[in-house]
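K.L.:
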Amino acid sequence: QILQACGSKAQRALFSATVGPKVRELAESVLRDPVDIQVGRHNAGASSIQQRLLFVGQEEGKIISLRQLIQEGLRPPVLLFLQSKDRAQSLFQELAYD
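The numbering used here puts the last residue of the sequence shown at 98; the count rises by one with no breaks.
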């Protein structure tokens with residue numbers, strides 16, 4: 001409905017750090033002669049970033065593993081992916097009292 005309301009002469013653009021297959025399909029359906037610009041290698045992190053993937057199970061395993069990493073010397077900056085802002089605040093409170 002939004003695209004129809006804009007009319008055929010509207011300029012459309014999509015900017016994203018990541019574009020999954022469904023988003024790419026949508027973009028190709030609504031953009032005219034799209035140009036794809038990719039910086040760096042696909043699915044590759046910067047060489048200056050140390051990455052680890054840990055499978056820790058349920059919520060209790062996550063906090064236990066995070067505490068263990070901190071005890072082993074994990075220092076900021078650190079990027080954690082959480083379910084919500086509320087969970088981030090809760091985690092902050094849990095760690096602040098350690």
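Idealized CB from N, CA, C, for every residue including glycine.
Do you know how far the Cα of Q50 is from the Cα of V30?
P.N.:
Start at 1 with the first residue of the sequence shown, and residue 30 comes out as number 30. Start at 1 with the first residue of the sequence shown, and residue 50 comes out as number 50. Cα to Cα, the separation comes out at about 38 Å.
K.L.:
Need the endpoints of the alpha helix (DSSP H) that P76 sits in, please.
P.N.:
Along the sequence shown, one-based indexing puts residue 76 at 76. Unbroken run through P76: none, as it is neither H nor E.
K.L.:
Report the CB separation of E94 from I63 in whole angstroms; it is logged as a contact under 8 Å.
P.N.:
Position 94 of the sequence shown, counted from the first residue, corresponds to residue 94. Position 63 of the sequence shown, counted from the first residue, corresponds to residue 63. Contact flag correct, Cβ pair sits at about 6 Å.
K.L.:
When you compare only the Cα positions, how much space is there between V19 and A13?
P.N.:
For the purposes of this step, residue 19 is identified with residue 19 of the sequence shown, where counting begins at 1. For the purposes of this step, residue 13 is identified with residue 13 of the sequence shown, where counting begins at 1. Using only the alpha carbons, I get a separation of about 13 Å.
K.L.:
Pick helix, strand or coil for A46, following the three-state DSSP scheme.
P.N.:
Within the sequence shown, the letter at position 46 stands for residue 46. If DSSP states are grouped into helix, strand and coil, A46 belongs with coil.
K.L.:
Between which two residues does the alpha helix (DSSP H) harbouring Q89 extend?
P.N.:
On the sequence shown, residue 89 is found 89 positions in, with the first residue counted as 1. That run of the alpha helix (DSSP H) goes 85–96.
K.L.:
Taking Cβ positions, are Q67 and D98 nearer each other than 8 Å?
P.N.:
Within the sequence shown, the letter at position 67 stands for residue 67. Within the sequence shown, the letter at position 98 stands for residue 98. The residue you asked about is not Gln; residue 67 is Arg in the sequence shown. For R67 and D98, yes; Cβs fall inside 8 Å.
K.L.:
Along the alpha helix (DSSP H) that carries S16, what are the first and last residues, could you check?
P.N.:
What you label residue 16 is simply residue 16 of the sequence shown in a count that begins at 1. Where S16 is concerned, there is no enclosing alpha helix (DSSP H), because DSSP gives it neither an H nor an E.
K.L.:
For S90 and G73, I'd like the C-alpha separation in whole angstroms.
P.N.:
The residue given as residue 90 occupies position 90 in the sequence shown. The residue given as residue 73 occupies position 73 in the sequence shown. Cα-Cα distance, rounded: 22 Å.
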